[in-house]
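**Q** Numbering (the working numbering), first residue to last: 158 to 494.
We put the CB at the ideal spot given by N, CA and C, even for glycine.
(1) Alpha carbon to alpha carbon, how far is residue 210 from residue 411? Give it in angstroms, no decimals.
(2) Determine the direct distance from the alpha carbon of residue 356 to that of residue 237, and round the result to whole angstroms.
(3) Mind reading off the beta-carbon distance from residue 304 to residue 452? Whole number of angstroms is fine, and I expect it under 8 Å.
(4) Quick check: what's the CA-CA separation for residue 437 versus residue 371?
(5) In this structure, does DSSP put residue 340 in helix, strand or coil?
(6) Taking just the CA atoms, how far does residue 399 sit from residue 233?
(7) Give me, in chain order, the residues of the same chain whose beta-carbon lies closer than 6 Å to that of residue 194; leave out the 5 immediate sequence neighbours on both sides.
(8) Should the stretch 325-332 be called in touch with the stretch 273-289, which here means at least 3 C-beta pairs below 8 Å?
(9) By DSSP, does residue 319 sit in helix, in strand, or in coil?
(10) Mark residue 405 as exposed unless 16 or more other C-beta atoms lie within 10 angstroms of its C-beta, in which case mark it buried.
(11) Taking its Cβ as the centre, do 16 or more other Cβ atoms sit within 10 Å of residue 432, making it buried, or is it exposed?
(12) Could you say which of 298, 290, 263 and 203 lies nearest to residue 445 if we only look at CA atoms?
(13) Taking the alpha helix (DSSP H) that residue 407 belongs to, which residues open and close that run?
(14) Please tell me whether, using a cut-off of 7 Å, the distance from the CB of residue 370 to the nearest non-hydrogen atom of the ligand FAD is below it.
Put into structure tokens, the structure is as follows:
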């Protein structure tokens, strides 16, 4: 994937989406993110961690789940993820009596335009991850999620005008060196890792700046994607080629279970990002790649060459520097309050 392709396919859509938010909404609009409640609310940072932690644990160990469905095509799995997740989220929304919030989103083209972009990014990320896992590339997915926090910080600098400190810049440089070494040492570019990292970082960025509440926004994304998903599943079933009802009850149960492995972490993530800084989101993302790395190297026994080890050392060093810098910066700010 060339640099020009990345800039056209990723950077320009982000800039266009962020431009939509230059005109502020009226204060108190019910589509905007939840305001802190009166009394003694949970601190935003703590609430963010409470939701982000289970999200990253599920993402980190979910290769185990997708390996169980390796006999189903990756594209069909994405379609099932969409449909079953939509059903799961509709139940939650109806239980909370918040269906009107989704209806209101469709009355605002500005919201739909951005959510359409996040929907496409989400579908791409889903497909690539499943494809990588079922083609014995769990290690690359791990590398992608290790890189993701640094890309998140970089996007915060570019689009949210967040200033990078010296050690944050050093961390980004070391990560870049690690990626270059991987490409030169192995003679192949880690496009899977970078595509997964980039798409997920962009998805998180757009949710960070949107004023749509987490659950209605997530349900709208799955709803937009559900139309082609339902059509594709129906076509497969009509031709007797789909996995549903054709392989066995175990497969049917796993397909239905995609609503949990998909809906729950995404719901936790969208809520968590609303109550966290980009730096916190980046830090928490270390959990998922650690879990995937352990699975890839010690459980699935994927090849782990010297060149790959050096690359991961660069990335781990970069993340260590970034984490230490974030901790020191946090302590200084706490003492100055």
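**A** Taking the geometry as given:
(1) Computed Cα separation, rounded: 24 Å.
(2) If you take the alpha carbons of residue 237 and residue 356, they lie about 20 Å apart.
(3) Going by Cβ atoms, the distance from residue 304 to residue 452 rounds to 18 Å, so no, they are not a contact pair.
(4) When rounded, the distance between both Cα atoms is 18 Å.
(5) In the three-state DSSP reduction, residue 340 falls in the helix class (H, G or I).
(6) So the two alpha carbons sit approximately 8 Å from each other.
(7) Annotation note: pLDDT 39 at residue 194 (below 50); position unreliable, no value reported.
(8) As far as the Cβ criterion goes, the stretch 325-332 does not touch the stretch 273-289, which means the pair count is below three.
(9) Note: residue 319 maps to coil in three-state DSSP.
(10) The Cβ neighbour count for residue 405, taken over all protein chains shown within 10 Å, is under 16; the residue is labelled exposed.
(11) Its Cβ being crowded by 16 or more others within 10 Å, residue 432 is buried.
(12) Cα-wise, what sits closest to residue 445 is 298.
(13) DSSP places residue 407 in the uninterrupted alpha helix (DSSP H) bounded by 406-431.
(14) What this structure holds is no ligand at all, so the ligand FAD is not there to describe.
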